[in-house]
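Notes for the one structure printed next.
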Amino acid sequence: MPHLTVAANQKAFTTLFNAIRDDFIFEDADSANLGPLTASYHIKFHLANGSVDLRSDNTVQVSELDIKWDILDLTLAFDIPEQCFGGFCIIPTPFGCALEFPEVCLFSDNPDLEVTLPLGGITSEVSLTGSLKPTYFVNPDRPAGMNDWDAQDADPPLYNKWQIFLVPEFVDVDPIDVADTVGDLLEAAVNTLVDDLLSFLPDFIKDFIKAALGSAIDILRLVLDIPDDIQEFIENLLNVSLGLVNIIAQAIIDHFASDSPLAEIEDPYPILGEAENPNGAPPPSLVPVKIPIRDLTIFNNDVEMVLQANVG
Amino acid sequence: MAFTDHCDLFASFQEDGFNRIVGYVQQQRPSLFNYATAQLAANPDKLCQIIQPNPIVGIRQNPLVDIVELLPIPGTEFGADFAAQISNVKVDFHPANSVTLPAELSPLQPQRLSIQVKLCGGINCPPEQALEALIPPPKTTADPPPDPPPPLKPLPLGVTQCFCLDAFVTGGVRFKQYSGVWYAEPFLDGFEIVEITPAGLESSLECYAKIIMKLSVLPGLRIALDVMSFQLLQTVIHVQLSPVVGDAAVPNNPAIADDQLKAFIKLEAF
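Chains as they are written, first to last, in the working numbering: chain U, 742 to 1053; chain Y, 10 to 279.
This is the structure we're talking about:
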């Protein structure tokens, strides 16, 4: 029979889980070159809600965990092929051209258009199934020969410890669904760009060029061969091309499996804290009484999590 | 049946593990088990039992003994050095199977634990020659006694006349709240020293030892509830732990049964 047994029911376990859930904040930024388009992202999200279920097969299932997007900025930088218009004579005369349509070249820069779409404020969902695993953490910063009491007193503490992790074995991140207004945002950005580029021209020339270019969607389709549905294009960009679904999954796995233990138990464990020196100072206090924790195991059933260990 | 059928958190200490914990307490906090006057504390070789502390006790200059006042010698300014030490502590949770209680305490009642200890004590006897030198001359005047009386002076150290006895304790563990914090604290309800005559001496020693146990040793063995829960919830700031009380399904909390000490705890997260 193990020397020590501690059990936590579903409510207590959920309290533990909620603490490490609330401790999770992930922020990242990166970019990908996709031919004429360079897509960059800056994301920051935290987790909320979710239901925790201890299962009889020694696993823990967390369902409908919300990914709250604090920042989901997608920056699109387009290199649109240069388009030239005009450069011909409207009214030729024997003495030369009386009225020339000036040559106007658009989209000569690289990138021609850079627009940041603030897509945050939305909620995605993730579910995971994992199992509880104890690991023994040997503090790498602890000098050889340092005793357990000095390790406890160090700032930061340098003691070794048992850690209990919920190690996800299956993580299912729902694809990011962006708001259906994203197409409007992108179209407006392209229209503004074209207007800016043509701003120095007379209105009739501007109208002529815009008629030749078509709508903003036409321009983007021309460049990127994107579908009519801008929303679908953006979602595919986020979820597949930029791989945010995988990045989210890996961040969550790292958080639960190695960064944020459900519980930590200092080893040796201070079973009695410091106490006043009965003979007065010095020293003013007695060292804590510490017991070595050995053979720590952990499992769960559908009712509770059970931790067992021996006193070394 | 699950451990947490009637609580949110359950913790149990098995008897063998508990005895190991007591052993660590003895090694790391010897002053909880050893009492002596200052002179004897400074000369641990003159104590009745050799103390074998954990090295950290020496490194951190923690005391080996709790220093107590000299035993007054009436009519003099002197006091006798003495020591009282507790060792070989062995705890047995109900049912009794590792400590054989004397008839006066047997059988061990349900929900109780027994403790067997070795009690050693002794008064240091000064060398005869030194004692002779301290015999006061006749008083020529009748001076009033000083107020307040001066501290007692120790006598020169000689040999500590030691004796050791087996003592048995029966008691339990209860939850009690101090300053809003719940503690599991041991309590004592039976104490017996065996093989002492006359009976009055036995009773006197038992009374004295019981006072030491109740007022000094056992309070030092309280374990705060949040510690007992193994800091399982250390990452959760807004949580309050309290024992399950008034639940018919948990008639004893903490419970002592099956060679274990079991605690049933409620959790309030807010």
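Quick reminder that beta carbons are idealized off the backbone N, C-alpha and C, glycines included. On a predicted model such as this, the values are computed, not experimentally measured, just so you know.
>> Taking the beta strand (DSSP E) that Leu224 of chain Y belongs to, which residues open and close that run?
In response: For the purposes of this step, residue 224 of chain Y is identified with residue 215 of the second sequence, where counting begins at 1. Here Leu224 of chain Y belongs to no beta strand (DSSP E), and DSSP marks it neither H nor E.
> According to DSSP, is Gln824 of chain U helix, strand or coil?
Replying inline: Here residue 824 of chain U refers to the residue found at position 83 when the first sequence is read from its first residue. Correct three-state label for Gln824 of chain U: strand.
>> Just verifying my parser: in three-state terms, what is the DSSP assignment at Ile68 of chain Y?
In response: On the second sequence, position 59 is the one that residue 68 of chain Y refers to. It is helical.
> What residues in the region 151-176 of chain Y bring their beta carbon closer than 8 Å to a beta carbon of chain U?
Replying inline: none
> Phe868 of chain U and Val803 of chain U look like a contact to me (Cβ under 8 Å); what is the Cβ gap, rounded to whole Å?
Replying inline: Along the first sequence, read from residue 1 onward, the residue named residue 868 of chain U stands at position 127. Along the first sequence, read from residue 1 onward, the residue named residue 803 of chain U stands at position 62. Per the sequence shown, the amino acid found at residue 868 of chain U is Ser instead of Phe. About 6 Å; that satisfies the 8 Å criterion.
> In chain C, which residues lie less than 9 Å from Asn750 of chain U when you measure between Cβ atoms?
Replying inline: Among the protein chains of the structure shown, namely U and Y, there is no chain C.
> Counting only runs that start and end within the region 916-988 of chain U, where is the alpha helix (DSSP H) found for 4 or more residues in a row?
Replying inline: 923-938, 944-954, 957-965 and 971-977
> Nearest CA to the CA of Phe765 of chain U: which residue from U:Lys809, U:His783, U:Ala753 and U:Asn977?
Replying inline: On the first sequence, position 24 is the one that residue 765 of chain U refers to. Nearest of U:Lys809, U:His783, U:Ala753 and U:Asn977 to Phe765 of chain U, Cα basis: U:Lys809.
>> When you compare the region 773-783 of chain U with the region 812-831 of chain U, are there three or more beta-carbon pairs, one atom per stretch, that lie closer than 8 Å?
In response: yes
> Using DSSP with H/G/I as helix, E/B as strand and the rest coil, what is Gly88 of chain Y?
Replying inline: By one-based count along the second sequence, residue 88 of chain Y stands at place 79. Strand at Gly88 of chain Y.
> Does any residue of chain U bring its CB to less than 8 Å from the CB of Ser251 of chain Y?
Replying inline: Start at 1 with the first residue of the second sequence, and residue 251 of chain Y comes out as number 242. Chain U contact via Cβ: absent.
> For Glu24 of chain Y versus Asp268 of chain Y, is the C-beta spacing smaller than 8 Å?
Replying inline: For the purposes of this step, residue 24 of chain Y is taken as residue 15 along the second sequence, with counting starting at 1. For the purposes of this step, residue 268 of chain Y is taken as residue 259 along the second sequence, with counting starting at 1. Taking 8 Å as the Cβ cut-off, Glu24 of chain Y and Asp268 of chain Y qualify as a contacting pair.
>> Please list, in chain order, the residues of the region 64-90 of chain Y that have any C-beta partner in chain U closer than 9 Å.
In response: Pro64, Ile65, Val66, Ile68, Arg69, Gln70, Asn71, Pro72, Val74, Asp75 and Ile76
> Does the distance from the CB of Leu114 of chain Y to the CB of Glu201 of chain Y come in under 8 Å?
Replying inline: Residue numbering aside, residue 114 of chain Y sits at position 105 when the second sequence is read from its first letter. Residue numbering aside, residue 201 of chain Y sits at position 192 when the second sequence is read from its first letter. Taking 8 Å as the Cβ cut-off, Leu114 of chain Y and Glu201 of chain Y qualify as a contacting pair.
> For the region 20-43 of chain Y, which residues have a beta carbon sitting closer than 7 Å to at least one beta carbon of chain U?
Replying inline: Ala20, Ser21, Phe22, Gln23, Asp25, Gly26, Arg29, Ile30, Tyr33, Val34, Gln37, Arg38 and Ser40
>> Within 10 Å of its beta-carbon, does Gly871 of chain U have 16 or more other beta-carbons around it, so buried, or fewer, so exposed?
In response: As a working mapping, residue 871 of chain U is identified with position 130 in the first sequence. Burial call: buried.
> For the region 786-799 of chain U, which residues have a beta carbon sitting closer than 8 Å to at least one beta carbon of chain Y?
Replying inline: none
>> For Leu214 of chain Y, which residues in the same chain have their Cβ closer than 6 Å to its Cβ, ignoring the five residues on either side in sequence?
In response: The residue labelled residue 214 of chain Y in the question sits at position 205 within the second sequence. Only Ile202 meet the Cβ criterion.
> When the Cα atoms are used, what is the spatial distance from Cys57 of chain Y to Gly130 of chain Y?
Replying inline: On the second sequence, position 48 is the one that residue 57 of chain Y refers to. On the second sequence, position 121 is the one that residue 130 of chain Y refers to. Cα-Cα distance, rounded: 6 Å.
>> Cutting at 7 Å between CB atoms, please list the residues of its own chain near Asp17 of chain Y, excluding the five before and the five after it.
In response: Translated into the one-based positions of the second sequence, residue 17 of chain Y becomes position 8. Here the set comprises Ile274, Lys275 and Leu276.
>> With three or more C-beta pairs closer than 8 Å as the rule, is the region 55-74 of chain Y touching the region 138-152 of chain Y?
In response: no
> Does the Cβ of Gly180 of chain Y have 16 or more other Cβ atoms within 10 Å, making it buried, or fewer, making it exposed?
Replying inline: If you number the second sequence from 1, residue 180 of chain Y lands on position 171. So Gly180 of chain Y ends up on the buried side.
> If you count every other CB in all the chains shown that lies within 10 Å of the CB of Met293 of chain Y, and 16 or more means buried, which is it?
Replying inline: No answer is possible for residue 293 of chain Y: it lies beyond the span of chain Y, which begins at 10 and ends at 279.
> Val100 of chain Y versus chain U: which residues are under 9 Å apart at the beta carbon?
Replying inline: Your numbering for residue 100 of chain Y matches position 91 in the second sequence. The contacting residues do not exist; Val100 of chain Y stays about 13 Å from chain U at best.
> List, in order along the chain, the chain U residues whose C-beta lies closer than 7 Å to that of Ile95 of chain Y?
Replying inline: Counting from 1 along the second sequence, the entry for residue 95 of chain Y is found at position 86. What Ile95 of chain Y touches in chain U: nothing, since even the nearest Cβ is about 15 Å away.
> Hey, is Gly229 of chain Y's beta-carbon within less than 8 Å of any beta-carbon in chain U?
Replying inline: Along the second sequence, one-based indexing puts residue 229 of chain Y at 220. Closer than 8 Å: yes.
> What do you reckon, are the CB atoms on Leu927 of chain U and Val981 of chain U nearer than 8 Å?
Replying inline: As a first step, residue 927 of chain U is located in the first sequence; it is residue number 186 there, counting from the start. As a first step, residue 981 of chain U is located in the first sequence; it is residue number 240 there, counting from the start. No, the Cβ-Cβ distance between Leu927 of chain U and Val981 of chain U is not below 8 Å.
>> Within a Cβ cutoff of 6 Å, which residues of the same chain sit near Ser21 of chain Y, ignoring the five residues on either side of it in sequence?
In response: Stepping through the second sequence from its first residue, residue 21 of chain Y is reached at position 12. Correct list, in chain order: Gln269 and Lys271.
> In angstroms, rounded to a whole number, what distance separates the CA positions of Glu910 of chain U and Ile994 of chain U?
Replying inline: For the purposes of this step, residue 910 of chain U is taken as residue 169 along the first sequence, with counting starting at 1. For the purposes of this step, residue 994 of chain U is taken as residue 253 along the first sequence, with counting starting at 1. When rounded, the distance between both Cα atoms is 9 Å.
>> Please report the distance separating the alpha-carbon of Glu844 of chain U from that of Leu938 of chain U.
In response: Your numbering for residue 844 of chain U matches position 103 in the first sequence. Your numbering for residue 938 of chain U matches position 197 in the first sequence. In a straight line, the C-alpha of Glu844 of chain U is about 13 Å away from that of Leu938 of chain U.
> Listing by chain order, which chain Y residues have their CB less than 7 Å from the CB of Met742 of chain U?
Replying inline: One-based indexing of the first sequence puts residue 742 of chain U at position 1. Within chain Y, the residues near Met742 of chain U are Gln23.
>> Rounded to whole angstroms, what is the Cα-Cα separation between Val259 of chain Y and Phe184 of chain Y?
In response: For the purposes of this step, residue 259 of chain Y is taken as the residue at position 250 of the second sequence. For the purposes of this step, residue 184 of chain Y is taken as the residue at position 175 of the second sequence. Their Cα atoms are separated by approximately 14 Å.
> Leu224 of chain Y to Thr864 of chain U, Cα distance in whole Å?
Replying inline: Sequence index remark: in the second sequence, residue 224 of chain Y carries index 215 (1-based). Sequence index remark: in the first sequence, residue 864 of chain U carries index 123 (1-based). One C-alpha to the other measures close to 60 Å.
>> Quick check on His996 of chain U: does DSSP put it in helix, strand or coil?
In response: Position 255 of the first sequence, counted from the first residue, corresponds to residue 996 of chain U. DSSP places His996 of chain U in helix when its eight states are reduced to three.
> Within the 8 Å Cβ cut-off, does Val190 of chain Y reach chain U?
Replying inline: Position 181 of the second sequence, counted from the first residue, corresponds to residue 190 of chain Y. Not one chain U Cβ lies under 8 Å of Val190 of chain Y.
> To which residues of the same chain is Leu125 of chain Y closer than 6 Å at the C-beta, ignoring the five residues directly before and after it?
Replying inline: One-based indexing of the second sequence puts residue 125 of chain Y at position 116. Reading the sequence as shown, one finds Gln at residue 125 of chain Y and not Leu. Excluding sequence neighbours, Gln125 of chain Y sits near Lys99, Val108 and Phe177.
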